[in-house]
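So the structure is just underneath, and the comments pick up after that.
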Amino acid sequence: MNLPLKALFSAVLLSILSAQAPQASTHLNGVNIPPSPETLHMPGIWATGVIRNDPANVYKLTKATSPLVLDHLTYQFQNKDIAITDTINASSTLGLLVLHGNQIHYEKYFDEAITNDGTVDKDPNGDIEKSLFPSYSVGKSITSSAIGLAIADKAITSIDDPVDKYAPSLKKSGYGGVSIRNVLNMSSGVYFDEGYGPVSGIAAMLAYLTWPWNNIDGFIGKQTQRIEDFTPGDYYNYSSLDPAALASVVRGATKQKMTTYLQEKLWKKAGMESHANVQIDNASLELGFCCIKATLRDYGRYGLIYANAGTLQGQEILPKTWIDMSTHAVSYPKGMLVPSETEMGYGNQWWIPMDNAGDFLAVGLYGQFIYVDPEHDVVIVKTSNDVEGEAKNKLYVDQMLSFFRSIRNELLVQS
1 MNLPLKALFS AVLLSILSAQ APQASTHLNG VNIPPSPETL HMPGIWATGV IRNDPANVYK
61 LTKATSPLVL DHLTYQFQNK DIAITDTINA SSTLGLLVLH GNQIHYEKYF DEAITNDGTV
121 DKDPNGDIEK SLFPSYSVGK SITSSAIGLA IADKAITSID DPVDKYAPSL KKSGYGGVSI
181 RNVLNMSSGV YFDEGYGPVS GIAAMLAYLT WPWNNIDGFI GKQTQRIEDF TPGDYYNYSS
241 LDPAALASVV RGATKQKMTT YLQEKLWKKA GMESHANVQI DNASLELGFC CIKATLRDYG
301 RYGLIYANAG TLQGQEILPK TWIDMSTHAV SYPKGMLVPS ETEMGYGNQW WIPMDNAGDF
361 LAVGLYGQFI YVDPEHDVVI VKTSNDVEGE AKNKLYVDQM LSFFRSIRNE LLVQS
């Protein structure tokens, strides 16, 4: 991506505004769109929250004595042999990390990460390994983890509870009465136009958050439209509004900001090496569907929690039952609302291959991935700037799964 998230969102907002008459406002997804750029306040969505680590408790990663060599490695996709290095270059890779247990077998940061202005939060001392990389929708998986933590803490009684039990502001929205389980599985049935175009749900959300008195919970509460003939649980329907609602549930159940909760229950406990940044709205509320930035190594540590059935450093971070549920694809009675040729399944905000090989992925816009293979204790992190990848290739995630599996297989051969 050659635009940072702020610029992307600003461009979306301006594209909405430029389509409007200078003195007229309009309505979209139940909210007012500001009439012109001149009336805009800088959105609080650009403010930054911090998930702090505990420097006295760091889970150490050590470099392997024999680094993984990828130079001549290929993978197969759609009956074609593709060089790993060609995909690394073509997908504007920022950083690539390969872990086998707590050993670093490959870690490389590419020129675009070093020169990029805005997408990467640079370490003030110039240490690229301590710079914070975007995750975009990988943040959805982390929000799911927060739900799992709240269940383990008994702050949430059951994932079959309705979301409005913990987030009362959603009671009159389309989420009223919808179970946490169905929201976790992208099966709420609440209408939301997923996309980044000038007339979309994301655009309406960003326009709403522009006003300093608005917040993300208020926006979700205004989303009252449900998809016709869609009983919650019927279909898979990818929607960034669902994890935003989950973040509301976490805040309501734990009586604290999700940033604070993740800091104490995940980041510090698991031994993350660095802090993480989180983009927040005017009320300091997390969006839930995106916007966490962390080091590659800390993304790797997060993946290791899932690779090790919820444990790290000899202690339980997440219950094994939660990991198991999160890594098995959901069976949707009516399938996908929008048909697709993908061979990827979904569950608990994670992407799960339908061949039941045991591996799974967290996936974010523009080529952000955490690949996890518990059987072989392998975690691969890839952050990218691949603006056009998903637009050009509708099976982008399927291709990247083949890419990661090839690297994993080579790692097991070379180790």
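Position 108 of the sequence shown, counting from 1, maps to 108 under the UniProt record's numbering, and the rest follow consecutively.
Glycine residues also receive a C-beta, built at the ideal position from the N, C-alpha and C atoms.
Keep in mind the model is a prediction, meaning the values are calculated, not measured.
Check the DSSP bridge columns for residue i and list the partner residues they point to.
i, result
"E316", "T311"
"K403", "Here residue 403 is Phe; the residue named in the question, Lys, does not match the sequence. Note: F403 sits in no beta bridge, so no partner."
"E286", "I280"
"Y332", "Its beta-bridge partners do not exist; DSSP assigns none."
"F360", "V372"
"I104", "K63 and L99"
"Q225", "BP columns for Q225 are empty, so no partner."
"K392", "BP columns for K392 are empty, so no partner."
"V378", "H100 and D373"
"L132", "D121"
"Y346", "W351"
"V190", "R226"
"Y75", "I82"
"V50", "N277"
"I292", "V278"
"S384", "T93"
In terms of alpha-carbon separation, which member of the options lies closest to residue i?
i, options, result
"I407", "N385, T74, A56 and T48", "T74"
"G358", "D377, G367, E341 and Q368", "D377"
"A90", "F110, I202, V98 and L99", "F110"
"R226", "M258, Y191, P162 and G364", "Y191"
"Q223", "A245, L132 and Q399", "A245"
"L412", "Y106, T87 and V338", "Y106"
"E316", "C290, Y299, S145 and T119", "S145"
"R405", "V138, F133 and I370", "I370"
"A253", "Y235, L285 and T157", "T157"
"N215", "A247, S187, L149 and V363", "A247"
"A329", "L361, N409 and V120", "L361"
"Q399", "L304, K320 and A83", "A83"
"F133", "L296, S187 and E264", "L296"
"L94", "S137, V381 and V249", "V381"
"S331", "N393, W213, Y208 and Y235", "Y235"
In whole angstroms, give me the CA-to-CA distance for residue i and residue j.
i, j, result
"G233", "S135", "27 Å"
"G189", "M325", "21 Å"
"K171", "G271", "37 Å"
"D281", "K154", "28 Å"
"L287", "L262", "14 Å"
"Q23", "V163", "Unreliable placement is indicated for Q23, whose pLDDT of 33 sits below 50; no coordinate value is reported for it."
"D373", "G335", "26 Å"
"L365", "L318", "26 Å"
"S141", "Q368", "12 Å"
"R251", "P333", "31 Å"
"G176", "G218", "14 Å"
"W211", "A203", "14 Å"
"W322", "V98", "25 Å"
"G195", "T383", "21 Å"
"G314", "L304", "12 Å"
"G389", "Y396", "7 Å"
"S340", "V363", "17 Å"
"S187", "N409", "34 Å"
"V379", "Y302", "9 Å"
"G300", "I292", "14 Å"
"L149", "A276", "18 Å"
"H100", "D161", "38 Å"
"S239", "V138", "14 Å"
In chain order, what residues of the same chain lie with their CB nearer than 8 Å to the CB of residue i, ignoring the 5 residues before and after it?
i, result
"residue 472", "Here the chain covers residues 1 to 415 and nothing more, so residue 472 does not appear."
"K268", "R52, N53, D54 and N57"
"I159", "I147, I151, S179, I180, R181 and L184"
"F230", "G189, N237 and L337"
Starting from the C-beta of residue i, find all residues in its chain whose C-beta is less than 6 Å away, skip the five residues before and the five after it, and write them out in chain order.
i, result
"K108", "L96"
"G49", "T259, V278 and I280"
"F403", "Y75 and T87"
"D386", "S91, S92, Y366 and G367"
"L266", "none"
"L285", "N215 and I216"
"E375", "G358"
"S18", "Any reading at S18 must be qualified, since the residue scores a pLDDT of 37, below 50, and its modelled position is unreliable; no value is offered."
"A283", "N215"
"L28", "With a pLDDT of only 41 at L28, under the threshold of 50, the placement of this residue in the model should not be trusted; the figure read from the coordinates follows. These residues qualify, in order along the chain: A204."
Given residue i, which residues of its chain have a CB within under 7 Å of its CB, disregarding the five upstream and five downstream residues?
i, result
"K122", "S131"
"D71", "T85"
"L241", "V190, F192, G201, I220 and Q223"
"P243", "K140, T143, G288, F289 and Q349"
"E273", "N53, V58, T295, R297 and D298"
CB of residue i to nearest heavy atom of the ligand COA: below 7 Å?
i, result
"S239", "With respect to small molecules bound, the structure shown includes none, and the ligand COA cannot be examined in it."
Checklist entry - Do three or more CB pairs link the stretch 297-315 to the stretch 161-168 at distances below 8 Å? => result Judged by Cβ distances under 8 Å, the stretch 297-315 makes no contact with the stretch 161-168, as fewer than three pairs qualify.
Item to check | the stretch 54-70 in contact with the stretch 338-350 per 3-pair CB rule at 8 Å | outcome: Judged by Cβ distances under 8 Å, the stretch 54-70 makes no contact with the stretch 338-350, as fewer than three pairs qualify.
Item to check | Contact between the stretch 356-371 and the stretch 77-87 (3+ Cβ pairs under 8 Å) | outcome: No: fewer than three Cβ pairs fall under 8 Å.
Checklist entry - Taking one C-beta from the stretch 192-199 and one from the stretch 335-344 each time, how about it: are there three or more such pairs within less than 8 Å? => result They do not touch, by the three-pair rule.
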